[in-house]
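Numbering (our numbering), first residue to last: 322 to 478.
See below:
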């Protein structure tokens, strides 16, 4: 289970919501959306096809769930670190994925529309683990993410 809490600068709780299911779910990132609501990334073992699927939840301004979707499969486990709302009101997620039977992670990007429908996804990786922590959409509609790799030495890209 994970939860969302909103409070003003005076630290008075405006609302508190528990999201997730009966199994182990971990929240990673929350952002306020253009409509005043929130989008929350998590990974979940309560819902979806795999042991750890990406869970994306959209709420209204007081935390009521508008929709919640999982992304993943029995062969892929997803860990969503960052979420960013794009100019088209969709969402761009950066994170990492683990393929069943392989002991290293790859960077993962996911773009969904405003209703959570997948528009595209991309996996980045080499031998060894690669992670993406955070990403944005640029002004010219490109996507940039930052992360970490075990593969390159100092001064390499």
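Don't be surprised by glycine CBs; every beta carbon is placed ideally from N, CA and C.
Note on geometry: alpha-carbon atoms of residue 434 and residue 463 lie some 15 Å from one another. In the DSSP assignment, residue 456 falls within the unbroken beta strand (DSSP E) covering 451-458.
Under the 10 Å beta carbon count, residue 393 is surrounded by 16 or more other beta carbons and is classified as buried. A straight-line Cα-Cα distance of about 15 Å links residue 430 and residue 364. DSSP lists no beta-bridge partner residue for residue 435. Relative to residue 458, the option among 391, 401 and 466 whose CA is nearest is 466. Put simply, the backbone Cα of residue 405 is about 24 Å away from that of residue 334. Collapsing the DSSP output to three states places residue 428 in a strand. About 19 Å separates the beta carbons of residue 391 and residue 358, which is beyond the 8 Å limit, so they are not a contact pair. The beta-carbon separation of residue 388 and residue 436, rounded to 7 Å, stays under the 8 Å limit for a contact.
Of all alpha-carbon atoms in 407, 432, 399 and 455, the one lying nearest the alpha-carbon of residue 417 is that of 399. The three-state reading of DSSP puts residue 356 in coil, since its state is none of H, G, I, E or B.
Membership of residue 468 in the beta strand (DSSP E) is indicated by the continuous run 464-470.
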